[in-house]
Structures are given as structure tokens and as C-alpha cells.
Amino acid sequence: MSATNDFFVLLAPGMKAAFTQAASDTLDIVKWQSITPAPTGTVADTISAGVKYAWVVIPVTITTNNFYSLAVRSTSPVLWSDTIQMTVNVAPEVHIESISGGFENLYSGGPDWGMCEGDTIVLHATKGLDSYVWTNGGSTITGATADSLLVFASGSYGVT
Numbered sequence: 001m002s003a004t005n006d007f008f009v010l011l012a013p014g015m016k017a018a019f020t021q022a023a024s025d026t027l028d029i030v031k032w033q034s035i036t037p038a039p040t041g042t043v044a045d046t047i048s049a050g051v052k053y054a055w056v057v058i059p060v061t062i063t064t065n066n067f068y069s070l071a072v073r074s075t076s077p078v079l080w081s082d083t084i085q086m087t088v089n090v091a092p093e094v095h096i097e098s099i100s101g102g103f104e105n106l107y108s109g110g111p112d113w114g115m116c117e118g119d120t121i122v123l124h125a126t127k128g129l130d131s132y133v134w135t136n137g138g139s140t141i142t143g144a145t146a147d148s149l150l151v152f153a154s155g156s157y158g159v160t
């Protein structure tokens with residue numbers, strides 16, 4: 001491999017992006033192309049001594065498990081391509097699903113909930129997640145890690 005190589009990354013059928021990369025730097029591969037149906041068999045990868053490797057950066061949102069292909073062509077001329085199976089772990093969205101106690105404040109013009117002195121309101125978040133962080137006015141409520149929160153004071157509550 002020379003001090004620099006020109007590479008072409010295949011982004012999608014019929015399209016490619018060109019760049020020159022110094023041999024001592026890490027290559028950023030910036031997009032995957034989904035392939036269907038999935039290939040059969042097992043692919044064994046080998047890396048020769050002195051061969052450059054690339055960290056893969058994916059700036060696009062991939063939200064499904066699938067097989068994806070990647071091809072990199074050097075002006076050497078060398079073509080490298082492979083198929084990988086990617087498992088996607090999308091963080092579930094959490095939000096306040098229901099409120100117990102109090103009453104809807106129809107006069108505020110916003111999504112407000114009212115309460116009378118001595119009332120207790122319970123906020124219920126999406127169930128089944130590993131952890132919860134409750135906030136009031138953007139500040140974390142210490143110790144509030146369950147899927148529900150007892151509210152005794154006014155504020156702007158949220159959950160992540």
C-alpha cells in the first residue's frame with residue numbers, strides 16, 4: 001500500500017463517492033446499502049499483515065435488523081466488499097402515558113394538570129423499561145427511578 005490511496009465507496013447502486021486517504025489514518029465509511037434477500041452461507045474474513053482497517057460510521061438511521069453490504073474500491077486497484085448482519089437495538093421511547101388524581105386544567109391553554117391542596121397526582125410512564133429518570137423543570141429528581149412518580153407540588157415533569 002502506498003502512502004496514500006484513492007478510495008471509492010459505493011453508497012448505493014450506480015453512485016459512488018471518491019476521496020484520498022493517507023495510509024496511516026482511519027477510514028470513515030459513511031453509509032450502508034441494504035441487500036435483500038439475505039445471502040446464504042458463512043463468510044470468513046482474513047486480514048493480511050499491513051492491511052488497513054476501517055472503522056464504520058453510520059450517519060443515517062437504520063432501524064431494522066437486516067443484512068447490509070459495503071464495498072470499498074482503491075485505485076490500487078483493489079475491491080473490498082463484505083456483507084454483515086446488523087442487529088439494531090433501538091432505544092424505546094418513554095413518555096408519560098397516564099395521570100391519576102387531579103384534573104385537567106381547561107383554562108391554561110396548554111397541556112396542564114390541576115390539583116387541589118392535599119391532592120396527590122401519580123404520573124405513569126411507559127411500562128417495561130429497565131430504568132427511568134424523572135425530571136422537574138429539567139432537573140433530575142433524585143431516587144425517582146420507577147415507572148411511576150408521586151407528585152405533591154406544581155412543576156414541569158418529564159421522564160426519560
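Each residue of the sequence shown is one higher than the one before, counting from 1 in the working numbering. Every residue, glycine too, gets a C-beta built ideally from N, C-alpha and C.
Buried or exposed (CB count within 10 angstroms, at least 16 for buried), residue i
{"i": "L149", "result": "buried"}
{"i": "V122", "result": "exposed"}
{"i": "V159", "result": "buried"}
{"i": "V161", "result": "The structure shown has nothing for residue 161, since the chain only spans 1 to 160."}
Span of the beta strand (DSSP E) around residue i
{"i": "Y97", "result": "Note on residue identity: the sequence assigns Glu, not Tyr, to residue 97. Per DSSP, E97 belongs to the beta strand (DSSP E) from I96 to S100."}
{"i": "I121", "result": "I121 to A125"}
{"i": "S148", "result": "S148 to V151"}
{"i": "Y157", "result": "Y157 to V159"}
Local conformation of residue i per DSSP, three classes
{"i": "V43", "result": "Because the pLDDT of V43 is 37, which lies under 50, any placement of that residue in the model is unreliable, and the number read from its coordinates should be weighed accordingly. Here V43 sits in coil by DSSP."}
{"i": "G137", "result": "coil"}
{"i": "G128", "result": "coil"}
{"i": "G109", "result": "coil"}
{"i": "G114", "result": "strand"}
{"i": "E104", "result": "strand"}
Beta-carbon gap between residue i and residue j smaller than 9 Å
{"i": "G101", "j": "T120", "result": "yes"}
{"i": "T145", "j": "S154", "result": "no"}
{"i": "Y157", "j": "T142", "result": "no"}
{"i": "E104", "j": "G118", "result": "no"}
Would the region 123-140 and the region 102-109 be scored as touching if the rule is three or more Cβ pairs under 8 Å?
-> no
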